[in-house]
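Presented below is the structure to which this report refers.
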Amino acid sequence: MSQALDEIKIGGLGASRKRVEDSRFIRGKGNYTDDITLPGMLHMEILRSPLAHARIKSIDASRAWQVPGVHLVLTGEMMATRNLAWMPTLSYDTQAVLATDKVRFQGQEVACVVADDPYIAKDACELIDVEYEPLPAIVNPEQAVADGAPVIRDDKENQHDNVIYDWAVGDAEGTDRAFAQADKISKLRLHYPRSHPSPIECCGSIADYNRSTSKLTVYMTTQAPHIIRAAVALVAELPEHMIRIISPDIGGGFGNKVPVYPGYVCSILASILLERPVKWIEDKSGNLISTGFARDVYLDGEMALRSDGKILAVRMHADADHGAFFSDAQPSKFKIGLLHSAFAAYDVPVAYLTARGTYSNKAPGGVAYRCSFRVTEAMFFQERMMQAAADDLGMDQAEFRRMNFVPDEAFPHRTPFGFLTDSGQYARCLDVGLKAVGYQDFRRQQEEARGRGRLLGLGISTMTEPLGAGNSREYDILGIKMFDSAELKVHITGKAIVRTGTRGQGQGHETTWAQIVSHELGIPAEDVVVEEGDTDTAPFGMGTYASRSTPVAGAAVAMVSRKIRAKARKLAAHLLEASEEDVEWELGRFYIRSAPDRGVTIQECAMAAYSNMPDGMEPGLENTAYYDPPNLTWPFAVYIVTVEVDPQTGVWDVLNMVAVDDCGIRINPMIVEGQIMGGLTEAYAMASMQFITFDAEGNCVGSNYMDYLLPTAWETPGFELHGEVVTPCPHHPIGAKGIGECAAVGGPAAFVNAVLDAIKGTGVRNIDMPLLPDRVWEAITYRRDISGAPPVHADD
Ligand code: MCN
Ligand code: CUN
């Protein structure tokens, strides 16, 4: 009789185990960077530029130096003597650490003061006299390429304009041919506005250089500690083994904590110079105006259609505004991230995408906020285009999508841009969503309501996302190939510690990695502790972003567990005095095939690894696995929103939102649902209320939480989640696909499509996000499209 453990009871795969990290988070016992105090620690504050574009004529810091309690004032000039005034970005560009020649965006770092406390440092910053000569500011791609535009990056030798790259992918001629045969061509132009990840915790670091040991320890808010260690070794020319990056608890990352920021670099240099620990903690407005923005891309496209609704081809162009420095954290092969994942879920025979990146006088942007490298923009454009095309054809929104989906039997499917999608049941997800929302019924109600002057709308959005970079053949960051790792040590008593190269920021890795070990070895999850984020102890890895942790590090956890199991099998054979071939595995236990009652538990094997190993066997039960995924994982989702729009005010309310997510096998269904709800909340925020934009002088409008709104539970609509469609990932060891970003990626288009569906009769084709009531009202009242970033309209 089987004596296998009950997997759900031990917290294995599929258990909605409570998050172990929450025990400290909800008690206020988290250990964030700002909670750490080191003996003799000093505090650093940054002086930021008030202007978006200006030449620096002089910086006089003498008054700041005289303030009692000030230990150091750093300026660009001083940084330059150490070759640290500029640093490389993750996209082969350079970024000013502290400005020397010009300031290039409002909020740019100009100088730093290190003092006994942050208040002295802040006050002393005010005493630094900077003389600026203002220059005209560029705030969008159109201005960037206009004749006579000032060259923002005149620091770069061969840069004579504001263009960063021109990039193309797909089949131009084939696309032209398909368009020539189209019955109908549907067009759409839109702007995906800038957005900011706005984690609750701002960025910060504590650098601690110890001259006696030559060791530099940096506690910092980073999603990718090993990448930072490599960057510090290269930039500061310090030996890598003398650098320890520790990423303690992180209060949300959302992509904001992937880049390298000047504050980190300055705190490190300050600590080296002063030989004391130096803490830098960004304030909220500093975080909002200067760190990792996302999106800001104009997308223009057209779709060639046959009159029966078949998509023949897609053509797209993207104008991406990267701000003053091209600092995207993304695989280096792809200049505009994975924007070419657009239309991956649809059977599009041929497509062509061109993209141009330009500089502007805005904070460096283009980081992916809850998005696998610009997949958000791709899916947003895709689903807005799908809605426009169905309307142009006079076809039903659901039917048009269904007939163009990649069918279940067509996987693996090669997309027109060259990706290989792995698996999915797209039509089934759509059916589940339509049924849940009561599609036919709603359409009837909508008709009826329209007769009474009420505007109801329904928006559908689907998304598939390439998650889990890399494979190392195609994906690298600054030449470092993308893969990940896990180390597992099983102690004498069968308890274990697992460490990975990723770094969670609230996703629940401490809970779910233990569940994978539990699934593979039958060790109860509560007996497995998870540790991440310390480069001195964790195996090398590329970090947590682009929902790559489960696809890559999660896979490595499964693979290292299997290595442990293989050794445990040898130990079991030894203990059972049987040959290895006669030993069978069931969860938590090895037994003899012919005598199932004779068995040993995994814990007994662990004990034997230290106390009773067979002759010639290396003692101990620990191992490391590096996992280079064969492909990305491709989750799929359908989001359907119904709304009512008030034509008098432009206010719109969400009536219902249904989400059907297929992320393969769910390790922890409760955590997956939490990820989806969080993503939908952010999607709703982007669609409805968040705007951060720039006026003609480059002043950041919306650089505070009065204008850039974060939805609370009060504003956020309810969501109905469906997890019944499960398509296991065919190439992942436990069949899991990523989920962390899906809802933020696919959600926004559902809201926008719903509002536009409600006002369909007005002929309005597009309202750019955010769909603030005044913009919706203006569209309805004047029957015109609303484009561009509010409050500055593109046409004025
Ligand atoms: N999971 C699961 N079953 C699956 C897939 C995932 O149980 N089939 C679990 C994982 O084990 C993990 C969580 O869900 O605990 C998210 O896993 P995954 O999809 O692999 O994403 P990552 O862990 O790599 O997280 C990154 C992703 C990104 S890129 C952003 S941005 C984002 C997001 O996660 N930032 C977040 N979710 C966030 N959630 C919180 N609370 N805070 C952030 O900063
Ligand atoms: Cu893309 S934001 Mo997340 O990848 O850290």
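Under this note's numbering, think of the first position of the sequence shown as 3, with each following residue one higher. All C-beta atoms in this analysis are idealised placements derived from N, C-alpha and C, irrespective of residue type, glycine included. From a predicted model like this one, the values you see are computed outputs, not experimental measurements.
Does DSSP put S551 in a helix, a strand or coil?
On the sequence shown, residue 551 is found 549 positions in, with the first residue counted as 1. In this structure, S551 counts as helix in the three-state DSSP scheme.
Roughly how many angstroms lie between the CA atoms of E411 and G435, to the nearest whole one?
Residue mapping note: residue 411 aligns to position 409 of the sequence shown, counting from 1. Residue mapping note: residue 435 aligns to position 433 of the sequence shown, counting from 1. Their Cα atoms are separated by approximately 21 Å.
I479: CB within 7 Å of a non-hydrogen atom of the ligand MCN:
In the sequence shown, the residue the question calls residue 479 occupies position 477. No, the ligand MCN has no heavy atom inside 7 Å of this Cβ.
Measuring only the C-alpha atoms, how far is N812 from I166?
Nothing can be reported for residue 812: it is not among the residues displayed for the chain, which extend from 3 to 798.
Within the present structure, is the beta-carbon of A555 separated from the nearest heavy atom of the ligand CUN by less than 7 Å?
Translated into the one-based positions of the sequence shown, residue 555 becomes position 553. Every heavy atom of the ligand CUN is 7 Å or more from the Cβ of A555, so no.
How about C373: is its Cβ closer than 7 Å to a heavy atom in the ligand CUN?
As a working mapping, residue 373 is identified with position 371 in the sequence shown. C373 Cβ: within cutoff of the ligand CUN.
Rounded to a whole number of angstroms, what is the C-alpha to C-alpha distance between I518 and V562?
In the sequence shown, residue 518 corresponds to position 516, counting from 1. In the sequence shown, residue 562 corresponds to position 560, counting from 1. Each residue's Cα considered, the two are about 10 Å apart.
Between P201 and the ligand MCN, is there a pair consisting of the residue's CB and a ligand heavy atom that are separated by less than 7 Å?
Looking up residue 201 in the sequence shown gives position 199. Correct: P201 has its Cβ closer than 7 Å to the ligand MCN.
Kindly indicate the opening and closing residues of the alpha helix (DSSP H) around A315.
For the purposes of this step, residue 315 is taken as the residue at position 313 of the sequence shown. It is not in any alpha helix (DSSP H) - A315 instead sits in the beta strand (DSSP E) that spans I313 to D323.
Unbroken alpha helix (DSSP H) run spanning N1, endpoints:
Residue coverage of the chain in this structure runs from 3 to 798, which leaves residue 1 outside it and unanswerable.
Could you tell me which uninterrupted beta strand (DSSP E) segments, each at least 3 residues in length, are contained entirely in the segment 450-475, listed from first to last along the chain?
457-466
Nearest to I202 by alpha carbon, out of Q507, V531 and L773?
On the sequence shown, position 200 is the one that residue 202 refers to. It is Q507.
Cα-Cα, which of V237, P250, L240 and M405 is closest to L307?
Along the sequence shown, one-based indexing puts residue 307 at 305. Among V237, P250, L240 and M405, the Cα nearest to that of L307 belongs to M405.
Ignoring anything shorter than 4 residues or poking outside the segment 242-305, list the alpha helix (DSSP H) runs there in chain order.
264-276 and 286-292
Closer than 7 Å to a non-hydrogen atom of the ligand MCN - does that hold for the CB of N289?
Start at 1 with the first residue of the sequence shown, and residue 289 comes out as number 287. Flag unset: Cβ of N289 not near the ligand MCN.
Proximity test, N670 beta-carbon vs the ligand MCN heavy atom, cut-off 7 Å
Working through the sequence shown from its first residue, we reach residue 670 at position 668. True, at least one ligand heavy atom lies under 7 Å from that Cβ.
Using DSSP with H/G/I as helix, E/B as strand and the rest coil, what is K739?
Residue 739 sits at position 737 when you count from the first residue of the sequence shown. Of the three classes helix, strand and coil, the one that applies to K739 here is coil, per DSSP.
Start-to-end residues for the alpha helix (DSSP H) that takes in C205:
Numbered from 1 along the sequence shown, position 203 holds the residue referred to as residue 205. Per DSSP, C205 belongs to no alpha helix (DSSP H) and is neither H nor E.
Cβ-based neighbour list, I788, same chain, cut-off 7 Å, excluding 5 preceding and 5 following
As a working mapping, residue 788 is identified with position 786 in the sequence shown. Contacts found: I769, D770, R777, E780 and A781.
According to DSSP, is V22 helix, strand or coil?
The residue given as residue 22 occupies position 20 in the sequence shown. Look at V22 here: in three-state DSSP terms it is coil, with no helix or strand label.
Between K335 and the rest of its own chain, which residues show a CB-CB distance below 7 Å, the 5 nearest in sequence each way excluded?
One-based indexing of the sequence shown puts residue 335 at position 333. Same-chain partners within the cutoff: E476.
Is the closest heavy atom of the ligand MCN to the C-beta of Y686 under 7 Å?
The residue you call residue 686 lines up with position 684 of the sequence shown. For the ligand MCN, not one heavy atom lies less than 7 Å from the Cβ of Y686.
Can you give me the Cβ contacts of R386 inside the same chain, cut-off strictly under 8 Å, excluding the 5 residues immediately before and after it?
If you number the sequence shown from 1, residue 386 lands on position 384. In the same chain as R386, and ignoring 5 residues on each side of it, the C-beta atoms closer than 8 Å to its own belong to L190, L192, A751, V754, N755 and N768, in chain order.
Please say whether G359 and A322 have beta carbons closer to each other than 8 Å?
The residue labelled residue 322 in the question sits at position 320 within the sequence shown. The residue labelled residue 359 in the question sits at position 357 within the sequence shown. Contact flag set, yes.
Does the beta-carbon distance from W515 to V559 come in below 8 Å?
Numbered from 1 along the sequence shown, position 513 holds the residue referred to as residue 515. Numbered from 1 along the sequence shown, position 557 holds the residue referred to as residue 559. Contact: yes.
In this structure, how does DSSP classify P526 when only helix, strand and coil are distinguished?
Here the question's residue 526 lines up with position 524 in the sequence shown. Reduced to three states, the DSSP call for P526 is coil.
Could you check the C-alpha separation between A272 and L523 for me, to the nearest Å?
Locating residue 272 in the sequence shown gives position 270, where the first residue counts as 1. Locating residue 523 in the sequence shown gives position 521, where the first residue counts as 1. Between A272 and L523, the C-alpha separation is close to 47 Å.
Here's the rule I'm using: 16 or more other beta-carbon atoms within 10 Å means buried, otherwise exposed. How should A226 be labelled?
On the sequence shown, residue 226 is found 224 positions in, with the first residue counted as 1. Buried, because 16 or more other Cβ atoms sit within 10 Å of the Cβ of A226.
Taking only the alpha-carbon atoms, compute the straight-line gap between Q605 and M615 and give it to the nearest angstrom.
Residue mapping note: residue 605 aligns to position 603 of the sequence shown, counting from 1. Residue mapping note: residue 615 aligns to position 613 of the sequence shown, counting from 1. Cα to Cα, the separation comes out at about 14 Å.
How about the segment 630-641 and the segment 441-451: do they share at least three Cβ pairs that are nearer than 8 Å?
no
Report yes if the CB atom of R106 is closer than 8 Å to the CB atom of I58, and no otherwise.
Position 104 of the sequence shown, counted from the start, is the residue given in the question as residue 106. Position 56 of the sequence shown, counted from the start, is the residue given in the question as residue 58. Not closer than 8 Å, so no.
Assign D759 to one of two classes, buried (16 or more other C-beta atoms within 10 Å of its C-beta) or exposed (fewer than that).
In the sequence shown, the residue the question calls residue 759 occupies position 757. Buried: at least 16 other Cβ atoms inside 10 Å.
Please find out if some non-hydrogen atom of the ligand MCN comes closer than 7 Å to the beta-carbon of T514.
On the sequence shown, residue 514 is found 512 positions in, with the first residue counted as 1. The answer is yes for T514.
With a threshold of 8 Å, are at least 3 pairs of Cβ atoms found where one atom belongs to the segment 245-261 and the other to the segment 215-226?
yes
Tell whether a beta-carbon distance below 8 Å holds between A232 and I482.
Within the sequence shown, residue 232 is the residue found at index 230, counting from 1. Within the sequence shown, residue 482 is the residue found at index 480, counting from 1. Their beta carbons are under 8 Å apart, which means A232 touches I482 by this criterion.
Count Cβ pairs between the segment 44-57 and the segment 131-141 that sit closer than 8 Å; are there 3 or more?
yes
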